[in-house]
Each structure stands twice: as C-alpha cells, then as structure tokens.
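Remarks on the structure that follows.
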Amino acid sequence: MTNNLDLLIPEILVGSLAFIILGLDLFLKPKFKEFIAYIASTGLILILIFSIVPIWNTKANIYENILILDGYAVFFKAIFLILGAVLILSSRNYVNNYFSYVAEYYSIVIFTILAMMFMVSSSEILTAYISLELLSFGLYVLVAFNRFNKRANEASVKYILLGAFSSAILLYGVSQIYGHLGTTNLTQIQQELSLNSDMSMGLIIGFSMFIVGFLFKIGIVPFHMWIPDVYEGASTPVTVYLAVLVKIAVVALFIRVIISGLMPIAQDWQFILIGFSIISMVIGNVVALIQSNIKRLLAYSSIGHAGYILLGVAAIGTLDQKGLIIIDFSRLIVNGIILHLISYSIASISIFLCVDIIFGNSEEEQINSMKGLSARSPLMSLLITASLISLGGLPIFAGFTSKFYLFNAIGTQISLWYVGIAITASLISLYYYLQVIRKIYIDKNEDQESFNIPILSKVILGFLFLGLIILGVYPNILMEFIYHASESLL
Amino acid sequence: MDLIKENILILTILLPLLGAALILIIPSYLSDLVKYIALVVSIITFIISIWIFVLYEINVGGVQLLWDWQWLSIKGSWPLGDKGITLNLGVDGISVMMVLLTGTVMLTGVMASWNIQSRNKDFFVLYFLLLAGVFGVFISYDMFFFFFFYELSVMPMFLLIGFWGSSSDFRTFIRTKEYAAMKLTLFLVAGSVLIWVAIIAIFVQAGLGSFNILEIQKVVDDKFSLYFQQINFLMIMIGFGILAGMWPFHTWSPDGHVAAPTSVSMVHAGVLMKLGAFGIIRIGMTLLPEGANSLMPVLMILGCINVIYGAFSALGQTDLKYVVGYSSVSHMGYVLMGLASMEQLGLTGAVFQMFSHGIMTALFFLAVGAIYNSMHTRDTLILSGLIKKMPYISVFFVLAGLTSLGLPGLSGFTAEILIFLGVFKSYGSLGVLFGSLAVIGAGITAIYILRLLSSVFFGVADKNDYSNLDATKFENIAGIIIVGLILFGGLYPLPFIDMITAGVTPLLGNILGAL
Chain A
1 MTNNLDLLIP EILVGSLAFI ILGLDLFLKP KFKEFIAYIA STGLILILIF
51 SIVPIWNTKA NIYENILILD GYAVFFKAIF LILGAVLILS SRNYVNNYFS
101 YVAEYYSIVI FTILAMMFMV SSSEILTAYI SLELLSFGLY VLVAFNRFNK
151 RANEASVKYI LLGAFSSAIL LYGVSQIYGH LGTTNLTQIQ QELSLNSDMS
201 MGLIIGFSMF IVGFLFKIGI VPFHMWIPDV YEGASTPVTV YLAVLVKIAV
251 VALFIRVIIS GLMPIAQDWQ FILIGFSIIS MVIGNVVALI QSNIKRLLAY
301 SSIGHAGYIL LGVAAIGTLD QKGLIIIDFS RLIVNGIILH LISYSIASIS
351 IFLCVDIIFG NSEEEQINSM KGLSARSPLM SLLITASLIS LGGLPIFAGF
401 TSKFYLFNAI GTQISLWYVG IAITASLISL YYYLQVIRKI YIDKNEDQES
451 FNIPILSKVI LGFLFLGLII LGVYPNILME FIYHASESLL
Chain B
1001 MDLIKENILI LTILLPLLGA ALILIIPSYL SDLVKYIALV VSIITFIISI
1051 WIFVLYEINV GGVQLLWDWQ WLSIKGSWPL GDKGITLNLG VDGISVMMVL
1101 LTGTVMLTGV MASWNIQSRN KDFFVLYFLL LAGVFGVFIS YDMFFFFFFY
1151 ELSVMPMFLL IGFWGSSSDF RTFIRTKEYA AMKLTLFLVA GSVLIWVAII
1201 AIFVQAGLGS FNILEIQKVV DDKFSLYFQQ INFLMIMIGF GILAGMWPFH
1251 TWSPDGHVAA PTSVSMVHAG VLMKLGAFGI IRIGMTLLPE GANSLMPVLM
1301 ILGCINVIYG AFSALGQTDL KYVVGYSSVS HMGYVLMGLA SMEQLGLTGA
1351 VFQMFSHGIM TALFFLAVGA IYNSMHTRDT LILSGLIKKM PYISVFFVLA
1401 GLTSLGLPGL SGFTAEILIF LGVFKSYGSL GVLFGSLAVI GAGITAIYIL
1451 RLLSSVFFGV ADKNDYSNLD ATKFENIAGI IIVGLILFGG LYPLPFIDMI
1501 TAGVTPLLGN ILGAL
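Taken in order, these protein sequences are the chains called A and B. The first sequence: position 143 = 143 (the working numbering), numbered continuously. The second sequence: position 257 = 1257 (the working numbering), numbered continuously.
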C-alpha cells in the first residue's frame, strides 16, 4: 500500500510547504514577514522542478484506483504550481498592505493548490468530491479574508451558502450514482453504463445532480448568480484566484469525469450541456454590456468564456448514426479547451493584476475611473488592452489562436451552428471590451497622477504580455505539452 | 540577394512588424527619429513591393514565389494531424497588383502623417501593425492565416480612428469619432463572424486537415456540393462584402473614412476595402466556383445599387470627406459589378479598378487632409477658390476627381471601360441594363465631382494672405508618386493589364471548368 508513495511526493511536499509557511509565521519577526510570499512561490516552483518533472511520463493507478497519475494529471499539476506561484507573487503587495494575517493567507492558498492537485488526479468520484470540498473550504476563507470590508463579508456569506448548496447537490448525485451502480470508480461506472443502456429514474436524477453540481462550480447560467457578487466583493487577488485557477481545476476534473465515466450516455447529457453553454455565452456577454464596475464586467465575461469552454466539453463525445461514440476529434477538442483555458487565464491574470494596482483596496472599481489611464500608466494600459483584445478573440494575441482552435474543433466534431452562435457571442463581447479600451485610450481625464508599480509586478506583467504574444503567434511551444496531456486521457 | 529573393514575400509582413517593434522601443521624446524610421521602413517595403512586381514571371503565370513555414504541427490520429497549420505564402497576378498598391499607399500614408503631433510613436506602431495585416492577407495562401491577417488589420483601426481621428460637425448634430470607430470595428468583426464560420465549414467539408487554399482547390469538385457552395459563398460574399462597402452594409465606411486621420483614411479606403473584394476572389471564387457562379447575379445587383446609391449619396454631401467617402462606396460598386460579370474583361477591369481606385482615393484623402489642416474646415459651402490658396493640393484633388469620373488618359478610365465592356457582355440583355446603369453611375459621378471642382477649387477666392497654406514637402512627394502611377495606368496600362490577366485567366478557367 505504501510502496508507491513516491508517486505522491508532489502532494506531500505541497502539504508540507503549507505547514512550513504556517509555522514560519510564528518565528519570523514582523519585518521579515513580507518575504513569506517569496518563500511560498519559490517553494512551489522548486516542487515543480524537482518532483513533477521526474514523474512527467509516468502512468499509474495508485491506491486501488482511487488516484490516477497520467500525463493529464501531471500537466495540470504543473499548471497549478506555476499559476499558483505567479498568483502568490502578484498578490504579495495587496496582502502585505491590507491583510493582517499574511502567512495564513499564503498557507490557505497552498492548501487549495493541494486540493486542486488531488482533484485532477482522482479517478473516483468520492475522492473528487472530497478534494473539491477541501478546495471550497479554502476558498470560503479566502473570500472572507478581507473581513473589515462589508462587501467581502456579503460576498463570503453568499459564496458559503451557495457553495455548500452546490456541494450538497453534487454529493446527492454521487450517492444516487453509488446506490444504483454500486461503485464510485469512474472506469467501473463506464463499464456499468455501457452494459445497461436503459437508465432508471434514480440514476438519471443522480447524474443530473452530479453534472449540475459541476456547473455550479464553473459558473454556468442559470447557476451563475454567485459569480458577479463574489468576484466583486472578494479582494482582487482572491478574485483572480477564483476566476482562473479554480475554474481550470473544476473544468479539468469535469473533463476527466466525462471522458472516463460518462461517455456511454453521451447522447443524454450532450444536448443539455450545449443548451447550458449557449445560454451562458449569450446571457454572460449580454449582461456584461451594461456593467459599470470592471470586476463585475469581467465576472460576466468569465461566464461567457465558461460557456465557450462548456460547449467544448459538450462536444467531447459524439455519437454517430449507429450510436457508437466518435472520439476522433475529441482529443483535438480537449487540446482546444486546455489552450483556451490557458489563454483565458493569462489574459484574466494580467487584467486583474492591473485592476489590483489601479484600485487597491478601494471599494469602487468603476470603469469610468479608468479614463485616461494611458497617460498615467502606459504599461498597464498596454496590458489591459492586449488582454481585452485577447479575450475578445482578435490577433495577434493568445485569444485568437485558442478560440480559432477550439471553435474549429467543435465545428469539426458537432455542428457549425453552435460555433456560429459562439462566434456571434464573442462579437457581442468585443463591444464592451472596446468600451473599456476607449475609456483607457481615447477619453481624457484631468487626473494625471502616475502609479507606483512595484518592480515585481512590472516583471510579472512583462512575462504575461510575452505569454499573450507568444501563444498568439507561435503556440506550437505549448502545444507539445498539451498533446502530452490529452494523449493520456483518450 | 538570393536570400532576399527567396524570402521576399515574408519580408512584406516582417518589415512593418519589425518597424513597429523598433518604434515601440524608442523613447517617445525622440519623435523625429520615429518619423524617419517609419519613412525608411516604408520606403524599403515600397521597394520590395515593386521588386515583387518585377520578380513575378507573367509568361509562367500561376502562383509564384511560394514560401511556407510549419506553424502548428499536430501529432496524432485525427485528420487534422498530419498537416497541422502552415503559413503558406504565394502571389498570383492579382495579389502582385494588390501588394504594389499596398506598398504605394503605405509610403504615401507615412508621408501624409508627417505632421502628427500627439503620440506619433503609438500612431506608427498601430499603423504598421495594420499594414502588416493587409500585406499578410494579400499574400496568404492559407485560410487560417488569411483570416489571421484579416483580423490583424481590423484590430488597430479602433484606436487609430478613436484617438487620432476627428469628429464631424453637421450643425444640428455631431458625428463623433468614437461612434465611427466603434461602428467600423463592430461591422468588420461582424463580417468576420460569417467568414470564420465559412472557413471552418470549408475546412471540415474538404476533410484534408489542411487550410491550404491550393490543396483544397484540388478537391472542390469531389467534396463540395452545389448547395454547400451556395450557402458558403453567400456567407463569404456578405462577410467580405461588408469590408468592401457593399450595399446595404456600407454605412460604416463613410463614417469611418471621415473620422479617421488622413493616412488611415488613405489606407482604409485605398487598401482595406480592397481586402473585401480580394477575399471574395481568393476564397469565394477560388474555392466555391459553382456557388460563385449561381450567386453572382445577386452580387451584380448589389454592386449596381452601390454604384447608383453611392453616387447619389455623394451628390448630397456638404462635407468634402463625406463626398469622397461615398464616392468610394460608389466605386467599390464597380469592382463588385466587374467581379460579378464573370467575363475576362470585367474581372480584369475589376482588379484594375481595385488598384486604380486605391491610389486615386489615397490621393483624394491626402488632398482633403491637407485642405483640412490649412483651412480647418471641410465644408464645401464655405471653401472656395482653393486653386489660388493651395495650388499643388488643388491640382492633386482635381486629378483624383478626373480619375474618379473616368477621364481618358487616367487610370480610372482604363478600369471602368473594361468593367463596362465585361458587364455589357454578361447575362444577355440584363447585362445591357446593368451596363447602362453603371454608365449612368459614372455620369452622376461626373456631376458631383465637377460641381465640387467648380465651387470649391475654382470659385471666387477671398483676398487673404495665401502663404504657408499649401502642401508640405512630403505631401507633394506623396502626391507626385500617386499622380505618376495614375498617369502610367491611364496612358500605358499594358504591364498592369498583363499582370492582372495572368491572375484572372486561371481563376476564370477554374470557375468555368467547374460548371
């Protein structure tokens, strides 16, 4: 049982790092506490280099198939560690200035990274549920961290209630599935499903609840109500954490559940998911048109992007006329989803980082106060513009490549009509992105005071900009890794 | 030298991009250095575009100067896998003309924007990005990159118009530059929605796993049914038609041209609208020949409406730039009619009209920009007697106007006569009707142009001090380059016509062969 513990070394190390950070807080003098962020992110990067890289090509089922270690899991673990390190570094300024418990913040962040690493590894739905809960509990604390802020309190209450509610739905689904199929293992669920094609009512309810639980966490219309409030209320570093890392983790788990568990009943969930994704794209992008708060605008735009991604997820399994699953293009779609997730993450991180620098802890993140930003900070204006253009899907930035790839794959696999709707939704989104760009570059403002951007943030912004351009101009570099991930999944 | 010759096509994209990167890293207080770098880069690009014209062997024909680079290699078992996405570059006779046009307008545009004061560094970065996109569209033989560069050329327009543009005052209301910029961007991106869907449809239906236009062209007969071609040609036609200023999707174009700064208007009316017509040729007529054949009457009718409607709209304008803007709409109608005629003469004329209108309208906007700079108004009811105040600029405007109404000896005449002949030959008796309407359109053009010339340029001049009003040195050079090309195209159009024929003949053969 314990002889293959070496495959879990990354998780063990990340867990230890969280405890070390927590312990360091007790011994460090207050003036050294601002270095904890560096220790945390360096630790994450070292874990990546020394424990993820050696197991890069491993493929193993461990602990009676509770966990699986394949290229897909390892790829996402690497993504979590890298993005986690970037986000910890970029939240350093905010946390040091406005929070009193610095080390707790970072250790909770690292615990949530641990949860996400387990999530992408789980090959059994109860494990998946438990790691999802570990993630959610960390996030509840993070959202509530800014505890003297009224909006943060409101957001955290909303998040805890709705999060608990969605977890309950998910767990109820899991219990129904276990009750009817007698197993929680994804592979065995797949076997059971392909043997018995007709499903009982309870099983249908179970799977619906299960899927709805996921949609809640991803933030798909009509389960999106918490997203704008929580994104607006939480402090900006936490918002970007929710918008980027958590979304990636849940989508990654969802893809694995779909591919290794639910493929035999693809015809049952596919149209439901397509319907939800189309509603999300349309509602997310249309409601974003009238937002005046930049964080709410990005929240609704993230709902729209979740719609594109869910359309991809829906397209993973398709049946031909004989009722057999076509997975010829599924790998292509998984590539597309991963690419789009990454390009979306880079763009979101850079916008939120800029929003963080511009607004700090002030309550009003109005788009109007970004007027004339180009005169005050050319660097941040460039970054925000590039990211918004990337989110809108225009070249030469990452968003164009990833959207083209994803939509092309979806069009190849299912129908072009859905792609048409998605592209139209993305046209709508361009309008409000351009409005923000207009505020930044074209509108004038008397306030000429320039910002004091920390050098670290400048470096991070520079790298994010490079990432946007490189992914947009030559994504082949990243594609090698993405193939590695999707290859092991299908 | 050989190294440049082998990679000459990619240079047209790389040079503007490198120029943009170079300008980006120069500190903004060195604004003179920025200008000279922009000038040098655009001169080199202009030379390269002439060189491409010389290198293309007309006797051989077909697609030449091929260049490719594996951009995205996709391993695995799916059909897309074996080929991935490759940047395929190549030129045929049509694209050579368009590259020459772009090179000319780029150089003259830089000269026309010599006096931009505020943030000229940012201006030139965006301007070069725009032109890299335009060059890319004209030389790509790969649908993905075609679309990539198409979108790249749309992106900078918003800021170029929104920041450096000008709002126009209609006394009762103001048409703001922000409005024009947003309208233009959304219209063009809406067009690209249709194009994007059509491109994916073509890619999927061809089943080759490749976006290469030349490869897909080989399987058109086997894979594309008539219905498929009609649906997709309709999308391509409308999508690119929006960019080409096709009625009823033309409304962005006058607003956009008027609001844009001089050099951007030049590029926009001169080159970017041609991207639309070029897209219909490169993707629509090449890959969907049967669809093109069955939908061409629609394009003919729309083009005809463009000619007449645009000319009448121009007749009613009092803003000098709006006159030119609507005349662009009208002239793009000729291009669409020439394409729709499906005759050798008509197609040749359409492509030559693209070139001729490109340089002509660039000259128009150059002149109007200079007039606005000196007189601070573009109102035709106020301006008068400009020939005494600004002799050079007036001569440029008059020449552009005469080209526009099709005076023999200037390039507009060559283009329009070919289009008229082609249209008259096509569609039997209906062709006569369309041809007559086109000629009437040319007549209306003569009315609004001559009226304008008589009142604005040759009217009574008030007795003020006229010094320092006329064109700057660079505006003169730019104008002279364009006038030279216009005269060349009117008096000795044979090299151009030969070049276009080399491109049009295989295209037409492809369509007629598919029937």
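Ideal placement from N, C-alpha and C gives every residue a C-beta, glycine not left out.
With DSSP as the reference, please indicate the residues paired to residue i in a beta bridge.
i, result
"Leu1087 (chain B)", "B:Trp1069"
"Ile68 (chain A)", "A:Asn61"
"Ser136 (chain A)", "DSSP lists no partner for Ser136 (chain A)."
"Asn149 (chain A)", "Bridge partners of Asn149 (chain A): none, in fact."
"Asn335 (chain A)", "Its beta-bridge partners do not exist; DSSP assigns none."
"Asp1379 (chain B)", "B:Asp1319"
"Asn185 (chain A)", "A:Glu124"
If we ignore side chains and look at the alpha-carbon of each, how far apart do residue i and residue j end up?
i, j, result
"Ala85 (chain A)", "Ala37 (chain A)", "9 Å"
"Gly1279 (chain B)", "Leu1011 (chain B)", "22 Å"
"Pro1079 (chain B)", "Ile1037 (chain B)", "In this predicted model, Pro1079 (chain B) has a pLDDT of only 48, less than 50, meaning its place in the structure is not dependable; the value taken from the coordinates is given anyway. Rounded to the nearest angstrom, the two C-alpha atoms are 46 Å apart."
"Ala78 (chain A)", "Ile1085 (chain B)", "27 Å"
"Lys1026 (chain B)", "Leu1033 (chain B)", "First, the residue type needs correcting, since residue 1026 (chain B) is Ile and not Lys in the sequence shown. Rounded to the nearest angstrom, the two C-alpha atoms are 8 Å apart."
"Gly1061 (chain B)", "Leu430 (chain A)", "42 Å"
"Phe1396 (chain B)", "Gly1241 (chain B)", "30 Å"
"Phe1124 (chain B)", "Ala1367 (chain B)", "21 Å"
"Pro1495 (chain B)", "Gly1412 (chain B)", "16 Å"
"Asn285 (chain A)", "Tyr300 (chain A)", "6 Å"
"Gln1070 (chain B)", "Pro475 (chain A)", "12 Å"
"Pro454 (chain A)", "Leu1453 (chain B)", "60 Å"
"Ile12 (chain A)", "Ala128 (chain A)", "18 Å"
Where do the N-terminal and C-terminal ends of the alpha helix (DSSP H) with residue i fall, by residue?
i, result
"Asn1306 (chain B)", "1289 to 1315"
"Met1106 (chain B)", "1093 to 1112"
"Pro1261 (chain B)", "No alpha helix (DSSP H) holds Pro1261 (chain B); DSSP gives it neither H nor E."
"Tyr1227 (chain B)", "1226 to 1243"
"His1331 (chain B)", "1320 to 1341"
"Trp1247 (chain B)", "Element bounds for Trp1247 (chain B): n/a, residue is neither H nor E."
"Arg438 (chain A)", "416 to 441"
"Pro378 (chain A)", "378 to 392"
"Glu34 (chain A)", "Looking at the DSSP string, Glu34 (chain A) is not in any alpha helix (DSSP H), and its letter there is neither H nor E."
"Gly1373 (chain B)", "The displayed chain sequence assigns Asn, not Gly, to residue 1373 (chain B). Where Asn1373 (chain B) is concerned, the enclosing alpha helix (DSSP H) stretches over 1344 to 1375."
"Asp25 (chain A)", "9 to 27"
Between the Cα of residue i and the Cα atoms of the options, which residue gives the shortest distance?
i, options, result
"Leu280 (chain A)", "A:Ser402, A:Ser123, A:Ser200, A:Leu311", "Just to set this straight, residue 280 (chain A) is Ser in the shown sequence, not Leu. Answer by Cα proximity: A:Leu311."
"Gly467 (chain A)", "A:Leu383, A:Ser200, A:Asp443", "A:Leu383"
"Gly317 (chain A)", "A:Glu364, A:Ser91, A:Asp356, A:Ile414", "A:Ile414"
"Gly1459 (chain B)", "B:Ser1394, B:Ile1440, B:Gly1412", "B:Ser1394"
"Ala1461 (chain B)", "B:Ser1384, B:Asn1115, B:Ser1192, B:Ser1328", "B:Ser1384"
"Ala306 (chain A)", "A:Leu215, A:Ser107, A:Ser402", "A:Leu215"
"Ser1118 (chain B)", "B:Lys1035, B:Asp1169, B:Val1091, B:Thr1045", "B:Lys1035"
"Gln190 (chain A)", "A:Ile20, A:Met263, A:Glu480", "A:Met263"
"Val1267 (chain B)", "B:Arg1171, B:Ser1294, B:Met1337, B:Ala1112", "B:Ala1112"
"Ile113 (chain A)", "A:Ile9, A:Ala249, A:Asp25", "A:Ala249"
"Pro237 (chain A)", "A:Leu83, A:Met209, A:Phe50, A:Asn61", "A:Leu83"
"Lys1389 (chain B)", "B:Asn1373, B:Ala1400, B:Leu1402", "B:Asn1373"
"Gly1333 (chain B)", "B:Thr1445, B:Ile1231, B:Ile1371", "B:Thr1445"
"Met116 (chain A)", "A:Asn146, A:Ile211, A:Leu81", "A:Leu81"
Could you tell me the boundaries of the beta strand (DSSP E) in which residue i lies?
i, result
"Ala60 (chain A)", "60 to 62"
In three-state terms, what does DSSP make of residue i?
i, result
"Arg1175 (chain B)", "strand"
"Gln1117 (chain B)", "coil"
"Glu124 (chain A)", "strand"
"Gln176 (chain A)", "helix"
"Phe407 (chain A)", "helix"
"Asp1142 (chain B)", "strand"
"Ser1168 (chain B)", "strand"
"Asn1212 (chain B)", "strand"
"Asn293 (chain A)", "strand"
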